[in-house]
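Chemist:
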Amino acid sequence: MSNTSSSTTDLLAIDVGNTRVKLGLFTSVDGGCVTTALSGDLPIAAPRLPEPAETLASTLDELIAGALHDWLQAIGDVRPRIALASVSRPAEEALAALLSHYDVQRMASETAPITLRVDEPTRIGVDRVMAAVAANRLRHDGRPAIVVDVGTAITVDLIATDGALEGGAILPGPTLAARALAEKTDRLPDIQFGDLGDAPDAVGRSTEPAILAGVFWGAVGAIRELIARQRDRLTDAPQVFLTGGAAPSVARLIGGPDLSVRCVPHLTLAGVALAAGVDR
Ligand SMILES: Nc1ncnc2c1ncn2[C@@H]1O[C@H](COP(=O)(O)OP(=O)(O)OP(=O)(O)O)[C@@H](O)[C@H]1O
Ligand SMILES: CC(C)(CO)[C@@H](O)C(=O)NCCC(=O)O
Ligand SMILES: [K+]
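Going by my numbering, the first residue of the sequence shown is number 1, and it counts up by one from there.
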């Protein structure tokens with residue numbers, strides 16, 4: 001990890017999920033976000049999303065056991081301001097206690113810089129809202145977008161042409177689906193996704209590969225179907241943004257000649273940074 005020394009304008013964005021906590025340090029230069037990258041000596045087009053200079057993804061237990069302290073030291077902790085978006089109340093409280101000496105802004109769905117065209121704006125997960133805020137930056141003007149986040153749960157959310165988040169779908173993520181099978185059956189074992197590189201064969205020749213095939217292709221199929229159905233209500237083709245652990249392995253399986261799919265690793269963290277005003 002490089003040793004970035006942080007300034008008072010730095011923002012630490014935190015996305016607290018149900019399995020892991022993701023942290024991203026967004027550094028500012030001259031009051032603006034660092035958005036230009038150099039390719040040779042030609043400046044390339046500035047990405048429209050703030051990019052974290054440093055990131056960490058860790059379980060809450062690991063963070064409490066010292067990983068948070070170590071990481072903050074490694075990034076040159078001078079008390080960056082913190083924006084915290086959490087979908088787990090216990091994890092949020094535990095983390096807030098760890099960060100009690102910092103200036104922590106807790107992000108809420110209903111106050112985010114986006115229109116929520118949903119029935120209960122206070123209930124929709126702040127991670128879904130933050131990812132949509134970031135997608136609104138990436139999407140072309142006048143084009144709708146679909147945001148797919150593969151975490152503990154998979155969410156597939158529709159953003160209308162006017163930028164409003166319309167709602168979407170929630171289903172179990174791959175690990176959770178596999179764990180539920182292991183827990184609720186006698187003869188199905190728990191399987192690990194950790195070392196899954198390529199897409200598994202759809203015909204598993206024993207129990208573990210069969211679970212892997214079902215869970216993986218089930219997720220891919222569910223995502224494809226949800227995109228297709230959400231797309232049916234649109235007049236213009238949506239841009240699809242995919243994020244979360246399985247995003248890279250899923251992205252090329254759902255895109256096609258008539259569907260643009262882009263994998264954006266830190267979409268939610270970037271949304272938190274934007275909502276907290278990192279580039280204002
Ligand atoms: N290469 C891969 N292929 C398939 N699935 C994967 C791969 N890597 C991770 N996954 C699965 O993707 C899901 C999301 O992983 P990720 O690590 O992003 O979630 P998380 O951060 O633990 O979730 P949360 O944000 O809810 O805390 C998990 O179910 C995981 O098993
Ligand atoms: C769906 C999850 C679990 C995805 O992380 C999260 O966004 C959440 O807890 N949402 C609350 C319910 C809702 O979004 O409608
Ligand atoms: K619950």
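Heads up, the beta-carbon is just placed ideally off N, CA and C, and yes, glycines get one too.
1) Just the Cα atoms here: how many angstroms apart are Ala91 and Asp157?
2) Distance, Cα to Cα, Val150 vs Gly76?
3) What is the DSSP secondary structure of Val215, counted as helix, strand or coil?
4) Using DSSP with H/G/I as helix, E/B as strand and the rest coil, what is Val156?
5) Would you mind sorting Ala228 into buried or exposed? The rule is 16 or more other CB atoms within 10 Å of its CB.
6) For His101, count the other beta carbons within 10 Å of its own beta carbon; 16 or more makes it buried, fewer makes it exposed. Which is it?
7) Any idea which residues DSSP pairs Glu54 with across the strands?
8) Measuring CB atoms only, is the region 98-118 touching the region 178-189, in the sense that at least three cross pairs come out at less than 8 Å?
9) Which one or two residues does DSSP pair with Gln239 in a beta bridge?
10) Report buried or exposed for Asp236, applying the criterion of at least 16 other Cβ atoms within 10 angstroms of its Cβ.
11) At a cut-off of 8 Å, would you count Lys184 as near ligand 1, judging by its Cβ distance to the nearest heavy atom?
12) Quick check: what's the CA-CA separation for Glu51 versus Gly277?
13) Taking the alpha-carbon positions, what's the Glu208 to Leu171 distance?
14) Roughly how many whole angstroms lie between the Cα atoms of Leu11 and Leu23?
Modeler: Let me spell this out:
1) 24 Å
2) 31 Å
3) helix
4) strand
5) exposed
6) exposed
7) Leu25
8) no
9) Ala145
10) exposed
11) no
12) 14 Å
13) 22 Å
14) 10 Å
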